[in-house]
Amino acid sequence: MSEAIDIVDAAEREAALDPRRSIIVQAPAGSGKTGLLIQRFLRLLATVSKPEEVLAITFTRKAAAEMRRRVLEAFAAARDGEKPEDENKALTWLLARDVLARDAEKRWGLLDNAARLRIQTIDSLCASLARQMPVLSGLGAPPAIVEDARDLYREAAQRTLARVNEGDADVARVVAHLDGDWEMASFLLENMLSRRDQWLRRVAGVKAGGATRAALEEAMRSERSRVMQRARRILPPAIERDFCELVRFAASNIAIEKPHAPLAKLDKLAGYPPLDETGAGAWMEIANLLLTSPKGQEVNVRKTVNVSQGFPAGKGPQARFKERMIELLEAFAAMDGFIEPLHALRTMPPSAFSEEQWAALGSVVEMLPRAAAELQVVFAERGEIDFTGIAQAAVQALGTEDEPTNLLLALDVKLQHLLVDEFQDTSHGQWELLTRLTSGWQPDDGRTVFLVGDPMQSIYRFREADVSLFLRARSQGLPQVALADLRLATNFRSQAGVVEWVNKSFRAILPREEDPDEGAVPYSDSSAKHPLEPGPAVQWHPFLGTDMALAQEREAVRVVEVVKAALVADASQTIAILVRNRSNLDSIVPAMRKANIRFRAVEIEQLEGRQVIQDLLAVTRALSHPADRVAWLGVLRAPWCALTLADLLALTGPLLSSEGARETLWELMADPSKLEGVSADGRARIARVRDTLAPFIEQRLRGTLRERVESAWLALGGPACAFSESDLEDAETYFDQLDRLQRAGELPDVAVLAEKLQRLYAAPDTGEEARVQVMTIHKAKGLEFDTVIVPGLHRAPRISDRPLFAWKSRADGTILMAPVRPTRMEGEPAYDYLRGLSKAAEQHELERVLYVAATRAAKRLHLMGYARLKTEDGTIRRPPSTTLLGKAWSVAEPAFCDAIPQFLAGAGEKKPKDTIRTDLRRLDPTRLAMEVPEPAWEPPPSPEDTSSSIAFIWVKDDARHVGTLTHRWLQRIAVEGLASWDASRIAALAQRVTRELASRGVAPEDLPRATSRVIDSLQGAISDPRGRWVLAPYADARCEYRIRVAGPDGVRLLVIDRIFTEGDRRWIVDYKTSSHEGGELEAFLDSERTRYSEQMARYAPAFDGAAGSMGLYFPLVKGWREWTA
């Protein structure tokens, strides 16, 4: 098959470009969603009066940058190129040409001022809205947005719990409910604060009064009725009479021995029980009669019944009743979706709260808003905020539909068209923002909304995304905007073989019916644009046995084999290994390295696990605390010293003895009596380490911790221990962390550094030979590869954290709530039921995770997993439903069954025990000699020099602090973009700058002057054309760029304020906060150039041999000097 396949959804794609209609588009994987969004964006630009009237929102900076890049490329192609032959590309070309014509007509200047294209992330939109109304949004001076706010949540949680010492009864009751476990209470509260956009509105109206309790209990009874209705629908009406006869028979038999048993009460059952509280008990007994016990194993329909269920053994009529019941059970077992509705009857929430439950719930909902308020205080103190906070501030800045703010009214005029990408990842806070932005829109007023996404790819519940919002928008529209429903079907990514397999498989894997409450999304078929390719498109690689560890080692070997075969078949193809969790790579990554296969691990390996980081951590702790024995042992065992275990023992003696505990290792390294037992080679290695580190030990607390650690690491020969360039990038990341965490040249808490390192990931291999990428399935979303390998399908996820209280909102507006179970109890029915609903949504998302993984493949897909082989009968135990393999079992089972003969003979084989490696990597110390400057430190001024002390303090201290803050804020302006900054926003920074200067030791009487210099410098930079040119968004621009340069005095670390490329010329710019109040400004600037020319010359290696220019920028006087390097 070689002919191209027609586009089956051409009509839908054309309709999606109608600028008069508001539309929601379901765009499955590979359907060209981004291209369609760009075409819609171009079509709308050609119809508006100003380009700012069209706003496109994405969820990631990468997506926003990609969309902006493709729009600008479309402009360039329409201006300079010919119309493409490809039909889709030709349409984009024509649309871009129309925009350029509109641009010329309206004199927009888009080609010269791309900032007028409003393409931004939803977080940057929220930030810009909140900053425009600092009072109403509650933010005041603009805070920095942090991606990881766990430290802030922890601080707010600790402050909230500390209220117990002030007599806060609600906090005390919550802590007591958790058996006084303070750490658990703090952990649960931190978790709730990270998800506060979900519950803050819920708890606002919940008080401990009787009316609220009655409403919540009525909601629980409605929920119980809903569960009974689902069970009633699954039981066929045609069997009602026969089924009830069998239940009466079983009940009458049970009543003989156990007259008070619940089942015995059904001896007069004439029909299916009522669907209210009067029938609740009967429904639960029906579920117990039909289903197996849920303890310790999965629930199934009973295969048989016995006397325990009311069907005793015997002959005659009794035997016939039992036979009829077994026949009915077999029929039920063959029905799809039979078990879950019946099992739900056994886990229904109670119809009312106990007094203890209600007291605990009341205290939780009273405490949580206080915790949220404490978090706001922490945000204000730190000058930081999380994404949820900025979204809430944006909504607050807009006001309400009945009481809109001036900002909302202004936006109502300016904003004509709104486009949202990846709409399936919308959270409730973001939904509220979109609702508020469109609250004043009217039908047929010319304004449109365009939402595009794929609910089958909604896999970000852990980031608060809720797929039900997409389903709600599709069925009901936005509150003020009706939406036309369009669905794409053409797959431009994958060959026909992959698409056909995905269609067939996921019809069975995904739910058959849509259910917004449970997050269930049915499958939508795709049609391949690319023809079928020879060879199998999708292959299962089953592994069977009784030892999972052995199977995983075999799986790693198979991964290597598949990768090698793929590279042999086509050395230029792209290959991806996708896993559900990073831990799934524990056998695969070592196997890839052993096979010498280069690969890029994208956010896979935790930074703290890399050897270069372990060495740096040892150096940091050793320099910070000479008595840290473990750190010093790490320094002595690192490759730059590589002391043998025998020499270590001779040096330290028995570490547990009182004698050995009195001296630090640093002291032992200089003790001749201890060195006598060390080998000659060991003594030489110890002497080198001691001589190298002596200056850094002597000058502890002088200079910054980063400078001391980095210089010591360089002097020891740390870079020589690196295996690749990515190791050096990891080291740079480590040094940046030290910069951020140090206080007065030391770490307040080493544990905080270790915790930070756990959240960072090693840099990927960027070598040209690394043609294989390794990443999580979530990280691969939006990407495509020729060959995709998905191992570890059998791996179970970690257990999800339990929230402080559980809640569920139904479509009819009712709310279900329950407090976390007390620590002393194993279960709490209402809480467990609501958690079960959340887990059901997680299970539906798991199905979609598998879909995302499978649809990354363009040509070949390989799926791998392990199932336990039961040696006694040669059958396979079904994988748990919490695994990807369990979700795909209906599709995978035939391949696994076919593999049984291959594995049956060695089913009992076990993985050999791992051996401990004792080999030691050693570097030649004679080749590690390196001159490194001692830690930067200037002695204090002599006490006698009092006449010039004030001037000295200003020049040496205050001016330095002014420069530091100015540099930091110029960096932030450059990173965020000039479009986000104006004079009013900078003026609003004054109080924050004053606080930061005060924290750095600037005297109160000097604060106004220092603050003014910082603010004036920033105002000058954004108002001066030269400053705006320096801070403009160049593609390769870097701020505070660090380089290491070798010179006569050793290797130095240099920090470049700004480096970028304009055209074919590279620029290095240094900011100077010098001022000049007299005349002859030009002469002053010339003298400053002469003064700093030697310093700037040191930066020349950053040009890498290319043509480059140097520049000095003086924002206070708007001065500039440049020269060719």
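All letters in the sequence shown, in the order written, are residues 1 to 1125 by the UniProt record's numbering. Glycine included, each C-beta is placed from N, C-alpha and C at the ideal position. Remember, predicted model here, so these are calculated numbers, not experimental data.
Considering only their Cβ atoms, is the gap separating residue j from residue i smaller than 8 Å?
| i | j | result |
| --- | --- | --- |
| V568 | A591 | no |
| I900 | L869 | yes |
| A780 | R688 | no |
| L1081 | M775 | no |
| H428 | D197 | yes |
| Y866 | M669 | no |
| S1075 | E1088 | no |
| L451 | A473 | yes |
| K476 | P455 | Reading off the sequence, residue 476 comes out as Gln, not Lys. Not a contact, by the Cβ cut-off of 8 Å. |
| A895 | P542 | yes |
| E1040 | Q971 | yes |
| Y1071 | D1057 | yes |
| S351 | R224 | yes |
Hey, quick one: how far does the alpha helix (DSSP H) through residue i stretch, first residue to last?
| i | result |
| --- | --- |
| M67 | R61 to D80 |
| A858 | From DSSP, A858 is part of no alpha helix (DSSP H) but of the beta strand (DSSP E) over A857 to K870. |
| R1009 | L1007 to S1023 |
| R159 | R150 to L161 |
| H967 | A959 to E976 |
| R487 | Careful: R487 lies outside any alpha helix (DSSP H), inside the beta strand (DSSP E) at A484 to R487. |
| P901 | I900 to L904 |
| M192 | W182 to S194 |
| D570 | No alpha helix (DSSP H) holds D570; DSSP gives it neither H nor E. |
| V175 | A169 to H177 |
| residue 1128 | This structure cannot settle anything about residue 1128, because the visible part of the chain is limited to 1 through 1125. |
| A840 | P829 to A854 |
Specify the secondary structure class of residue i as computed by DSSP and reduced to three states.
| i | result |
| --- | --- |
| Y1092 | helix |
| W807 | strand |
| G1119 | strand |
| K529 | strand |
| N581 | coil |
| R1042 | strand |
| A11 | helix |
| A372 | helix |
| A16 | coil |
| G1108 | strand |
| T121 | strand |
| E1062 | strand |
| S942 | Interpretation of S942 is limited by its pLDDT of 41, a score under 50 that renders its predicted location unreliable; the figure taken from the coordinates is listed afterwards. Of the three classes helix, strand and coil, the one that applies to S942 here is coil, per DSSP. |
| W501 | helix |
| L451 | strand |
| V619 | helix |
| Y734 | helix |
| T435 | helix |
| P522 | coil |
| W283 | helix |
| L408 | helix |
Let's see if you can read the secondary structure: which residues bound the beta strand (DSSP E) around residue i?
| i | result |
| --- | --- |
| W1067 | R1065 to Y1071 |
| N491 | T490 to Q495 |
| H343 | Segment I339 to R346 is the alpha helix (DSSP H) holding H343; no beta strand (DSSP E) there. |
Assuming residue i and residue j make a contact with CB atoms under 8 Å, what is their CB distance in whole Å?
| i | j | result |
| --- | --- | --- |
| V449 | L478 | 6 Å |
| V395 | R436 | 6 Å |
| V365 | V203 | 4 Å |
| L235 | A287 | With a Cβ gap of about 11 Å, L235 and A287 do not count as contacting. |
| L921 | P639 | The residue you asked about is not Leu; residue 921 is Arg in the sequence shown. At roughly 5 Å, the Cβ-Cβ gap stays under 8 Å, so R921 and P639 are in contact. |
Subject >> Stretch pair the region 606-614 + the region 665-683: three plus CB contacts closer than 8 Å >> reply: no
Subject >> Sufficient close CB pairs (3 or more, under 8 Å) joining the region 5-21 to the region 484-504 >> reply: yes
Original post:
Would you call the region 317-325 and the region 352-368 in contact, with 3 or more CB pairs under 8 Å?
Top reply: no
Original post:
When the Cβ atoms of the region 1109-1118 are set against those of the region 1009-1029, are three or more pairs found closer than 8 Å?
Top reply: yes
Subject >> Sufficient close CB pairs (3 or more, under 8 Å) joining the region 621-633 to the region 732-739 >> reply: no
Original post:
Is the region 121-130 touching the region 326-333, taking contact as three or more C-beta pairs under 8 Å?
Top reply: no
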